[in-house]
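The block underneath contains the structure these notes are about, expressed in structure tokens.
Numbering (the working numbering), first residue to last: 1189 to 1316.
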């Protein structure tokens, strides 16, 4: 993962998605937001919140009678860290290898390819 952003599991991502939509939230708020999406018991969600607090990905406000939880990292920071970790683990750290594989398997539409070309054209050139 990117410097400073701890690795989080898929289940922890689900909890983070709820907190990124609205924060701070009580544990009961998070539980009720996840009930429509996941078949998790309340204890499971509380355990995930505890893990995220322990990893210092989520903060907890203990000043009120009911504790509230809030993200310590933005969604963008976590996504970037996860993408970097994935590219390092699966593609040896090179984005080019990943893009080549996608292009060879025809999983990119012409529109996707044109958009990628546009993004690459706009990217500032690195100085050697």
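Just so you know, even glycine gets a beta-carbon here, dropped at the ideal spot from N, CA and C.
This structure is a prediction, so every number in the text was calculated from the model and none was measured.
In the DSSP output, which residue or residues are listed as bridge partners for residue i?
i, result
"residue 1258", "1247"
"residue 1235", "For residue 1235, which the question treats as bridged, DSSP gives no partner whatsoever."
"residue 1213", "1257"
If you drop the 5 nearest sequence neighbours on each side, which residues of the same chain put their C-beta closer than 6 Å to that of residue i?
i, result
"residue 1219", "1230 and 1233"
"residue 1290", "1296"
"residue 1277", "none"
Excluding five sequence neighbours on each side, which residues of the same chain lie with their C-beta closer than 7 Å to the C-beta of residue i?
i, result
"residue 1263", "1208"
"residue 1212", "1249, 1256, 1257 and 1258"
Looking only at its own chain, which residues have a Cβ that is under 8 Å from the Cβ of residue i, when we skip the five neighbours before and after it?
i, result
"residue 1301", "1291"
"residue 1281", "1275"
"residue 1316", "Residue placement at residue 1316 is poorly supported in this model, since its pLDDT is 47, which falls under 50; the coordinates are not used for a value here."
"residue 1312", "none"
"residue 1198", "none"
Out of the options, which has the shortest C-alpha to C-alpha gap to residue i?
i, options, result
"residue 1253", "1299, 1214 and 1210", "1214"
"residue 1200", "1239, 1217, 1294 and 1211", "1239"
"residue 1261", "1243, 1251, 1255 and 1250", "1243"
"residue 1225", "1211, 1202, 1210 and 1237", "1202"
Would you mind giving the Cβ-Cβ distance between residue i and residue j, rounded to the nearest angstrom? I have them listed as a contact below 8 Å.
i, j, result
"residue 1248", "residue 1257", "5 Å"
Does residue i pass the burial test, meaning 16 or more other C-beta atoms within 10 Å, or should it be called exposed?
i, result
"residue 1308", "exposed"
"residue 1221", "buried"
"residue 1206", "buried"
"residue 1288", "exposed"
"residue 1283", "exposed"
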